[in-house]
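Reviewing the structure listed below.
Chains as they are written, first to last, in the numbering used here: chain R, 2 to 207; chain Z, 61 to 178.
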């Protein structure tokens, strides 16, 4: 009997999915999404001995300047974590109901980013013309009287470098000033550093 | 005693066959894992972070080139769109959604690139 059970256990281990060793959640091993025309599998690094190396392993940044961000910087903006981001990508981004926005500078975005995210550098929040054009693409229509029609605004998740990065806040504040509805914006506080620290897939622009 | 011998030999044979089967399955699993090019036990460490920059967009951080020297290949998997649709049909990835998403992405890319040049 023990032999049979051992064999069954071994068989179940061998027949486990490729990304079942380190799942995202108990019921989710990976999510497929498109990034610049490529289908990408978002999953976690399967090596349980993996350690974060490189500059993302850096944990200390000068403050003032790059201080730890509060979990919520605005009562109207919901803060989300990695699981919510992955589910957002699966349910909203894949159905054209939302986009994930990388608020870091373009060069950082090109070097490495979260699959499916688009880049709107935080510095553009001060650029009225560019923001108007971006808002139009995101579904906010400027009426002739200067007000905004936000009925077709899509859902957004905004992130930047990490929990010590204030660029997301700057971009979100810029979007709110432009009339983007607060209930359509979510703040991923963990940002790129937390995404990487959990071994989730990243992509680069060649 | 003699009557028990055939039964014992039969049990032994079954155990040997099962063990051989397990070994073969293990070998196949290992070979598949290694030959797939995406060995989960040899995943490349993603690229390092640049220090958060305080630059105006369009300019580089002071240590950007230094960090580029240490750049490593990030983990990235590409699948054909058909394969993606097949594997992720539940999440409704489709050619249409791809086209639309690409449209948002490419339009914003254009706006951002133009704004950064100005």
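Cβ coordinates follow ideal geometry from the N, Cα and C atoms, glycine included. As the structure is a prediction and not an experimental result, all values here were calculated from the model.
| Check | Outcome |
| --- | --- |
| To which residues does DSSP link residue 99 of chain R through a beta bridge? | R/156 |
| Would you verify that the beta carbon of residue 100 of chain R is, or is not, closer than 8 Å to some beta carbon of chain Z? | yes |
| For the putative contact between residue 172 of chain Z and residue 97 of chain R, defined by C-beta atoms under 8 Å, what is the C-beta separation to the nearest angstrom? | At roughly 20 Å, the Cβ-Cβ gap does not stay under 8 Å, so residue 172 of chain Z and residue 97 of chain R are not in contact. |
| So, are the CB atoms of residue 83 of chain R and residue 201 of chain R less than 8 Å apart? | yes |
| Would you kindly report the start and end of the unbroken alpha helix (DSSP H) that includes residue 131 of chain R? | 129-138 |
| Within 10 angstroms of the Cβ of residue 195 of chain R, are there 16 or more other Cβ atoms? Answer buried if so, exposed if not. | buried |
| Enumerate in chain order the residues of its own chain whose CB-to-CB distance from residue 161 of chain R is below 6 Å, with the five nearest sequence positions on each side excluded. | 104, 105, 168, 169 and 192 |
| Using a Cβ-Cβ distance cut-off of 8 Å, determine whether residue 69 of chain Z contacts chain R. | no |
| Check this for me: beta carbons of residue 139 of chain R and residue 155 of chain R, under 8 Å apart or not? | yes |
| Taking the beta carbon of residue 166 of chain R as the centre, do at least 16 other beta carbons fall within 10 Å, making it buried, or is it exposed? | buried |
| When the distance is taken between beta carbons, is residue 36 of chain R closer than 8 Å to residue 159 of chain R? | no |
| Return the chain-ordered list of same chain residues with a C-beta closer than 7 Å to the C-beta of residue 144 of chain R, the five sequence neighbours on each side being excluded. | 150 |
| What residues from the stretch 121-142 of chain R come within 7 Å of chain Z, judged by C-beta to C-beta, listed N to C? | 121, 122, 124, 125, 128, 131, 134, 135 and 138 |
| I'd like to know if residue 84 of chain Z contacts chain R, where contact means its C-beta is closer than 8 Å to some C-beta of that chain. | no |
| What residue range does the alpha helix (DSSP H) around residue 110 of chain R cover? | 107-112 |
| Tell me the residue span of the beta strand (DSSP E) that contains residue 80 of chain R. | 79-81 |
| Between residue 72 of chain Z and chain R, is any beta-carbon pair separated by less than 8 Å? | no |
| Taking Cβ positions only, does residue 37 of chain R come closer than 8 Å to chain Z? | yes |
| Among R/135, R/46 and R/71, which has the Cα closest to the Cα of residue 1 of chain R? | Nothing can be reported for residue 1 of chain R, as the shown portion of chain R is limited to 2 through 207. |
| Could you tell me the alpha carbon to alpha carbon distance between residue 85 of chain Z and residue 78 of chain Z, rounded to whole angstroms? | 10 Å |
| Answer yes or no: do residue 190 of chain R and residue 70 of chain R have a C-beta to C-beta separation smaller than 8 Å? | yes |
| Could you tell me which residues DSSP pairs with residue 119 of chain R in its beta bridges? | R/102 |
| Between the beta-carbon of residue 53 of chain R and the beta-carbon of residue 197 of chain R, is there less than 8 Å? | yes |
| DSSP state of residue 26 of chain R, grouped into three classes? | strand |
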